[in-house]
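Here's the structure, in structure tokens; my notes come after.
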Amino acid sequence: MVDRPDLQGRRAILNVHAKGKPLGNDIDLDVLARRTPGFTGADLANLMNESALLAARRSADTIDMAAMEESIDRVMAGPERKSRVMSEKDKRVIAYHEGGHALVGHVLPNTDPIHKVSIVARGRALGWTLALPSEDRYMHTRSKLRDELAMLLGGRTAEELVFGDPTTGAQNDIEKATQIARAMVTEYGMTDAIGPQQLGQKDGEPFLGRDMGHQRDYSDEVAAQVDAEVRRLIEHAHDEAREILRTHRSTLDLLADTLMEVETVDTSQLLEIFGQLPVWDGAGTTDGNGSGNGARPTGPDGARAPEPAS
Ligand code: NHX
Ligand code: ZN
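Here the numbering used here is used: the first residue of the sequence shown is 34, the next is one more, and so on.
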């Protein structure tokens, strides 16, 4: 088994495959390395070839950043489905859903930077928001996972806030959020109520037809506690997303309007729209019990108390 290349490895591999190819002046291999987490050497070689073909099909004489970006998006999420005819109402729902993810992700301090937001359907998704890590991370903090939960719920929350009538579209976000919250409780020991215990026996070897199965090895009482802690994490993230979107409603509107108009918004356009929004410090969103499961308690100045040392 060979590990997938890290950021530096991807940068070096891209450099090798770039040799002898007519790259445009705007190509930034560092950005491309950052955009391709999880790609293997073979994926990166393919990416260069696909981009060359794409550029040729557009009768361009160089491979530019747009061609590279499009190839990456295709590999990661499938081809664009521009032909899909969407009603104005549906488009608006999608624009607010994606705007909600992006805005919540942008102001929270521990999420990855938002790279691109789009309401052009791609693969199974009607719209998508892409956040990219700026460096390789091999583990994640509790505060990052909490912020990620809020960002995942940001789409649904925007739908609720703006239209008051949520859609089925957030299913995948809700599934991911629930998985993260449950893992925080039962695998990562990140709540005080349960503490650092592994709950549930994972079936060791993936068996035919019953891989990924879990066997319960704890009491009904603990099961109820786990459910309550998962619910708390999700509810807190939902509250935080709602608070952020309410506070920055005019920015949400601007982002949604821009998406309706241009359909895909990249980093530089996002920074223009977001302007100088302050980093969200969670003031006013604490659950007030200081148990360490929800928001950290706030100090007298409304600033966050430091994370308790463990
Ligand atoms: C449907 N699709 O199923 C339609 C066609 C809420 C604006 N009736 O959360 O596209 O509703 O932020 C992997 C990836 C299900 C698995 C995407 C499983 C999408 C995607 C349903 C945006 N973006 N939902 C999102 C979306 C949908 C779905 C998926 C998946 C929407 C949402 C799909
Ligand atoms: Zn979503």
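Backbone N, C-alpha and C define an ideal beta-carbon position, used for all residues, glycine too.
Going by other Cβ atoms of all chains shown within 10 Å of its Cβ, with 16 needed for buried, is residue i buried or exposed?
| i | result |
| --- | --- |
| P38 | buried |
| H269 | buried |
| N322 | Note on N322: pLDDT 35, under 50, position unreliable in the model; the coordinate value appears next. Burial call: exposed. |
| G111 | exposed |
| G132 | buried |
| Q41 | exposed |
| T174 | exposed |
| E262 | buried |
| M172 | exposed |
| V126 | buried |
| D106 | buried |
| M34 | exposed |
| A216 | exposed |
| I46 | buried |
| V49 | exposed |
Return the Cβ separation of residue i and residue j in integer angstroms, given the expectation that the two are a contact with Cβ distance under 8 Å.
| i | j | result |
| --- | --- | --- |
| V218 | T211 | The pair is not a contact, with the Cβ atoms about 11 Å apart (cut-off 8 Å). |
| L165 | D145 | 6 Å |
| D290 | K149 | Their Cβ separation, rounded to whole angstroms, is 17 Å, which puts D290 and K149 out of contact at 8 Å. |
| A274 | T190 | 4 Å |
| M10 | G228 | The displayed coordinates of the chain run from 34 to 343. Any statement about residue 10 would go beyond what the structure contains. |
| L182 | I213 | 6 Å |
| F72 | R43 | 6 Å |
| K195 | Y129 | Note that residue 195 is Val in the sequence shown here, rather than Lys. Yes, V195 and Y129 are in contact; Cβ-Cβ is about 5 Å, under 8 Å. |
Check whether the Cβ of residue i sits closer than 7 Å to any heavy atom of ligand 2, and report yes or no.
| i | result |
| --- | --- |
| D94 | no |
Opposite residue i in the DSSP bridges: which residues?
| i | result |
| --- | --- |
| S151 | W161, T297 |
| Q234 | Q248 |
| L40 | Paired residues: none, contrary to the question. |
| I96 | L56 |
| E113 | R155 |
Answer yes or no: does any C-beta atom of chain B fall closer than 8 Å to that of residue i?
| i | result |
| --- | --- |
| D299 | Any reference to chain B falls outside this structure, which holds one protein chain only. |
Report task. Any chance you could list the residues with Cβ under 7 Å from a heavy atom of ligand 4, keeping chain order? Result -> Judged by which ligands are present, ligand 4 is missing from the structure shown, whose ligands are ligand 1 and ligand 2.
**Report entry** Inter-stretch contact at 8 Å, needing at least 3 Cβ pairs: the segment 79–98 / the segment 56–70
**Finding:** Look at the beta carbons and you see the segment 79–98 touching the segment 56–70: at least three pairs across the two are nearer than 8 Å.
Query raised in the report: At a cut of 8 Å, does the segment 279–288 reach the segment 300–308 through at least three beta carbon pairs?
Result: yes
Query raised in the report: On the three-pair Cβ rule with 8 Å, is the segment 91–104 touching the segment 59–73?
Result: yes
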